[in-house]
Amino acid sequence: MKASTFQTLIVGSLCLAVSGLSGGLYNQYQRVTELENANAQRLQTLDTLQRDSSALMDAQEKLQYALKDLKQMADTGEQQANTLDPMLDQWAQEIQELRDGLADRATETDMIALHARLEHVEQQLLDLKSQPPLPPPTPSSAKPKKTAQPKPAPLLPPFSVLSVESRGGERFLAVAPPDSRSLNDIQLLHNGEQFGTWQLKVLEPNAAIFAVTAHPDQTVQLP
């Protein structure tokens with residue numbers, strides 16, 4: 001065999017081998033590319049799942065706080081009801097005891113008057129829950145200099161003071177319109193309640209202090 005023919009065979013074999021290796025490398029490259037793409041998709045899916053999981057955890061935490069707030073509100077309402085119910089029961093019991101005690105020794109006229117007053121007291125007790133307390137007086141930051149000014153004449157109250165009644169350890173001022181002859185017109189005033197524009201501020205042993213709109217406080221002597 002000639003040397004040129006042998007060289008041609010060698011070169012041809014090398015070309016075939018290189019061609020086969022190139023084809024194999026290309027196939028491996030495509031396989032690696034596919035694996036990389038698949039891995040990128042898996043990473044993207046995992047990232048989406050992590051974000052969804054974080055959002056679910058945040059929503060769960062918010063729901064837990066909301067449930068906690070609702071439980072506190074329910075506990076507070078139950079506590080207030082437990083505090084108010086015994087007070088109302090005690091007041092109702094005291095009113096019933098007053099009725100039972102007075103029924104044996106009172107005259108018919110007294111019973112009519114007391115019945116009207118007790119009904120009024122019962123209604124006031126039911127309204128105590130919704131009635132706002134009086135705001136505390138605001139102290140003045142600087143005391144003005146006292147000047148000699150004439151005292152305004154006391155106002156004539158739009159009612160007549162009948163008596164001071166004691167109910168359940170509390171004192172009430174019984175008043176009625178002037179010249180009234182009806183027992184239904186009798187009204188029991190407690191601190192903070194008012195008759196017309198006159199609001200009872202303090203019920204002292206011998207006098208009652210009233211706040212009157214657009215006027216200084218008025219003192220009414222008790223009978």
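full-length UniProt numbering numbers the first residue of the sequence shown as 1 and each following residue consecutively. Backbone N, C-alpha and C define an ideal beta-carbon position, used for all residues, glycine too. Keep in mind the model is a prediction, meaning the values are calculated, not measured.
Check	Outcome
Between Leu188 and Ala174, is the Cβ-Cβ spacing less than 8 Å?	yes
For the putative contact between Leu118 and Leu98, defined by C-beta atoms under 8 Å, what is the C-beta separation to the nearest angstrom?	7 Å
What does the alpha-carbon distance come out to for the pair Asn37 and Leu25?	18 Å
Under 8 Å, do Gln199 and Ala211 count as touching if we go by C-beta distance?	yes
Indicate the three-state DSSP secondary structure (helix, strand or coil) for Ile209 in the structure shown.	strand
Between which residues of its own chain and Asp75 is the CB-CB distance below 6 Å, once the five residues before and five after are set aside?	none
Apart from the five residues just before and just after Lys201, which ones in its own chain have a Cβ nearer than 6 Å to its Cβ?	Ile209 and Ala211
Restricting to Cα atoms, I'd like to know which of Gly168, Lys151, Pro158 and His190 is closest to Thr197.	Pro158
Would Glu170 and His190 be called neighbours here (beta carbons separated by less than 8 Å)?	yes
Go ahead and pull the three-state DSSP assignment for Ser22.	helix
Let me confirm a value: Ile10 is counted as buried when at least 16 other C-beta atoms fall within 10 Å, else exposed. Which label applies?	exposed
Starting from the N-terminal side, write out each stretch of the beta strand (DSSP E) that is 3 residues or longer and does not extend beyond the stretch 154-211.	160-167, 170-176, 187-189 and 198-203
Using only CA atoms, which one of Glu78, Gly23 and Gln93 lies nearest to Gly168?	Gln93
With which residues is Val121 paired in a DSSP beta bridge?	Paired residue(s): none; Val121 is not in a bridge.
What does the alpha-carbon distance come out to for the pair Ala17 and Gln7?	15 Å
For the putative contact between Pro154 and Gln218, defined by C-beta atoms under 8 Å, what is the C-beta separation to the nearest angstrom?	6 Å
In whole angstroms, what separates the C-alpha of Asn206 from that of Leu70?	51 Å
Distance, Cα to Cα, Asp89 vs Glu78?	17 Å
In whole angstroms, what is the alpha-carbon distance linking Asp47 and Ala40?	11 Å
From this set, Gln123, Ile112 and Lys151, which residue's C-alpha is nearest Ser182's C-alpha?	Ile112
Roughly how many whole angstroms lie between the Cα atoms of Gln50 and Gly23?	41 Å
When you compare only the Cα positions, how much space is there between Tyr29 and Ser19?	15 Å
Once you ignore the five residues that flank Thr213 on each side, which residues in its own chain have a CB closer than 8 Å to its CB?	Thr197
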